[in-house]
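Residue numbers (my numbering), protein chains in the order written: chain A, 31 to 545; chain B, 19 to 238. For every residue, glycine included, the Cβ atom is placed at its ideal position computed from N, Cα and C.
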Amino acid sequence: MSRRQLLLLAGMMGGTGAVYRVARALDVIPDLSEGPVLSLAKARGKRHVVILGAGVAGLVSAYELQRAGYSVEVLEASYRLGGRVLTLRHGDIVDEIGNRQVCQFDNEPHLYFNAGASRIPALHRRLLQYCKTLGVALEAHTNFNIAAWMQFDNLLGGRRVRQREYNADVRGFVAELMAKSVQDGTIETPLSAADRQKLLEFIAAQGDLGADNRYRGSSGRSGYQSGGLYNEGVPLAALPFAQLLQPTDYWHGDMDFGDGAEQSSVLQPVGGMDKIISAFAAQLPGKIQTNSQVVSVQTGEQGVKVTYRRNGALVTTTGDYCLNSIPGQILAGIDNNFSRPFREAIARRPRGKLGKIALQMRERFWEEKDGIYGGTSWTGQDIGQIQYPTHGVHARKGIVVGGYYLYAGPSERFQLMSAQERLDAAIQQGAKVHPDYASYVENGVSVGWYRMNHMLGCSARHTDASELEILRRPEGRHYLIGDQVAMHAGWQEAALLSAHDVLNQISQREAATAA
Amino acid sequence: MSRSPLYAAAALVCIAAAPGMSPAAQPTVQSAIADHNYCTVCHGTNLKGDPAITLKAPVLAGIEPWYLSDQLKAYRAGRRGQNGTDDPAGAEMRTVARELTDAQINDLVHYVGQFKPEARSAATVQGDAAKGREEYAASCASCHGTQAAGNPSLHAPDLARLNDWYVVEAFKKYQSNLRGASVEDPWAFQMHQIAGTLPAGFSISDVAAYLNTLPPEPKP
């Protein structure tokens, strides 16, 4: 039997989790993504599980439990599924409290905006595996592009430069200093003379240094003034070194943005991130109820009673287990009988304030004029960055992410603005990166996750692992799930890890009960 | 079991579940603003308040209709919640209120009135209730009433039904210019002035602790 046949068989027997385990055992998949590996045994008799929240964590839980023979019901407070997987298209509502908007993009398949999750790093094996199993088509997402711009008011008089210029010159100047230090012995190295020579050669190659180990501008990494292919390239002069050292967010994180979790290939579903949500939902016909806001969760050692409001009436349902992805800050306002430590811990949950602004551009000027195909321009202004769509290359129009505010100050300022004020600010700030920016903008939307209905926050990072212990501990037969119980929130993979962790626990609990 | 506000149903936005639904089924922005569903997201699903530290949404069940209406209008006008990040909870409430019409405010007041207080909110503030009783009698009772049930003719709201932490926070906002600083809102301005001139030794935590000892439904 071939490895492929074995994996197929494993898939038929035990689903994605089994494929993953077998593939791991065969070393077909390197274990790049740490954490629990799903091991959910078949249900022993009739077991019903109530799942709160139809985001990734809730949907994957329902999908796997159903596969294992459990009966499931998913209750979702919103009119829509997906939680923070939100793709906005023509006519869609942005359900931000106090900033409700209707997306005015043209009705074209490539004119969409992933307002929440937008990238799938290749490290996120579980999510990729589900995409494969469920038939969600993926394409490359250009995440990082040094042909894109950087613009910081305190650097080079606020002039925009290509990231490749800055990167090449910083590498060059730093390499020159290192070479000098190695040459005159300022740096002590436990190296032989021959090895020191090799080190110097390495440094020179890294820095694009001249034969005298001096840096006089790159030989091509920065781009050329002219030529470079058919005719001889005329190199660009190096930027002034002292200027490059102006402290900016660029070398505090933007520059190595592509070096962390997202260093590997990054993917996106063709047509929008919510293809993942619809793929899960298609596996759960009749199991998901929207517009069902939970008003009470009463847990015990035998089961969990959940009361929710639907069409103005209160409905009660009972599960052998309850898997709950309601954000802690909202759960704190729902009647419950949780233990005091748990109640206090959910009330302590921080609320992330990240948000994004998207603009429909009448022309893809970044491709036409600047030769930028995907990736991110960085700026020190509140918008932080401008992301160019990977999809729809050379189409007439495109949706640019005209702001992705991650840090406390900008987030708070954008959060307080109306939708129109955010667009105005994004257009005004974007003009420092693209001088004729405003003339291309047709319309836009903004999503502030801090105020999104039924969310009230996103991606708040834990700083204290002991807090996680409390949140992860079952309360009777109730389990909190979702990226909110992961150390590094804000990724779909984190939501999957949390779901798998809890499903494994339920499986063990069921086995222990039977024994 | 909670009394169910049937009234909520009419305005709830109900559309198809599947992503990628047809635009024709979408609610409009105007209908959405009237979506009462918003109140229960922050203020707790039975409007009993949400104690989450980053939310600080007080109990609304049992709030006086005149007081709720006044406050929504104050938020709308920017007399309350106008201090940005200095008063994040107020700023959040202001974003909800800033586009409400009078008719929508009336509608909301009616909606919130469907929720009745069930029991006193849990005590969370540490304080000396005996001392607070004296301080309350000396400095608060003349407007807010001996049983803290409020006095509409003086625009003094019921304090006994509030979350104790909210009593403390609101008082501190009055004290620090975050609330009531504008004469355009004379009653709030009055509270702001009083909060700044209370005798040394006045402790709002003691008063909150005292309020926790009052019977849950003090009103006749």
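Around the C-beta of residue i, are 16 or more other C-beta atoms found within 10 angstroms, so that it is buried, or is it exposed?
i, result
"residue 398/A", "exposed"
"residue 336/A", "buried"
"residue 521/A", "buried"
"residue 509/A", "buried"
"residue 396/A", "buried"
"residue 206/A", "buried"
"residue 219/B", "exposed"
"residue 150/B", "buried"
"residue 88/A", "buried"
"residue 529/A", "buried"
"residue 100/B", "buried"
"residue 121/B", "exposed"
"residue 195/A", "buried"
"residue 300/A", "exposed"
"residue 225/A", "exposed"
If you compare alpha carbons, which of the options is closest to residue i?
i, options, result
"residue 119/A", "493/A, 492/A, 303/A and 216/A", "303/A"
"residue 85/A", "329/A, 353/A and 206/A", "353/A"
"residue 249/A", "238/A, 541/A, 259/A and 482/A", "238/A"
"residue 165/B", "198/B, 85/B and 178/B", "178/B"
"residue 319/A", "345/A, 294/A, 298/A and 461/A", "345/A"
"residue 93/A", "368/A, 384/A, 309/A and 370/A", "309/A"
"residue 321/A", "343/A, 528/A, 505/A and 527/A", "343/A"
"residue 417/A", "90/A, 306/A, 284/A and 218/A", "284/A"
"residue 347/A", "495/A, 101/A and 96/A", "101/A"
"residue 243/A", "229/A, 495/A and 254/A", "229/A"
"residue 269/A", "247/A, 460/A and 277/A", "247/A"
"residue 233/A", "216/A, 251/A, 211/A and 218/A", "211/A"
"residue 224/B", "205/B, 145/B and 65/B", "145/B"
"residue 124/A", "235/A, 78/A, 290/A and 108/A", "108/A"
"residue 466/A", "392/A, 204/A, 265/A and 139/A", "392/A"
When DSSP labels each residue in this structure, what does residue i get in the three-state scheme?
i, result
"residue 93/B", "helix"
"residue 239/A", "coil"
"residue 357/A", "coil"
"residue 488/A", "coil"
"residue 450/A", "helix"
"residue 57/B", "helix"
"residue 437/A", "coil"
"residue 179/A", "strand"
"residue 44/B", "Only weak support exists for where residue 44/B lies, its pLDDT of 43 falling under 50; the value from the coordinates is given anyway. Here residue 44/B sits in coil by DSSP."
"residue 385/A", "strand"
"residue 97/A", "helix"
"residue 428/A", "strand"
"residue 473/A", "strand"
"residue 401/A", "coil"
"residue 308/A", "helix"
"residue 207/B", "helix"
Are residue i and residue j touching if we call contact CB-CB under 8 Å?
i, j, result
"residue 441/A", "residue 129/A", "no"
"residue 430/A", "residue 389/A", "yes"
"residue 105/B", "residue 191/B", "yes"
"residue 456/A", "residue 511/A", "no"
"residue 333/A", "residue 349/A", "yes"
"residue 85/B", "residue 154/B", "no"
"residue 377/A", "residue 69/B", "yes"
"residue 415/A", "residue 437/A", "no"
"residue 157/B", "residue 127/B", "no"
"residue 473/A", "residue 255/A", "no"
"residue 111/A", "residue 80/A", "no"
"residue 182/A", "residue 460/A", "no"
"residue 159/A", "residue 178/A", "no"
"residue 209/A", "residue 251/A", "no"
Less than 8 Å between the CB atoms is what I'm expecting for residue i and residue j, so what's the real figure, rounded?
i, j, result
"residue 420/A", "residue 170/A", "7 Å"
"residue 365/A", "residue 326/A", "4 Å"
"residue 394/A", "residue 432/A", "The Cβ separation is near 14 Å, so there is no contact."
"residue 68/A", "residue 533/A", "6 Å"
"residue 402/A", "residue 175/A", "6 Å"
"residue 143/B", "residue 182/B", "4 Å"
"residue 379/A", "residue 358/A", "3 Å"
"residue 476/A", "residue 446/A", "Between residue 446/A and residue 476/A the Cβ distance is about 12 Å, and since that is not below 8 Å, they are no contact."
"residue 149/A", "residue 173/A", "6 Å"
"residue 274/A", "residue 200/A", "5 Å"
"residue 464/A", "residue 491/A", "Wrong, their Cβ atoms sit about 32 Å apart, outside the cutoff."
State yes or no: is the beta carbon of residue i nearer than 8 Å to at least one beta carbon in chain E?
i, result
"residue 393/A", "Of the protein chains in the structure, A and B, none is chain E."
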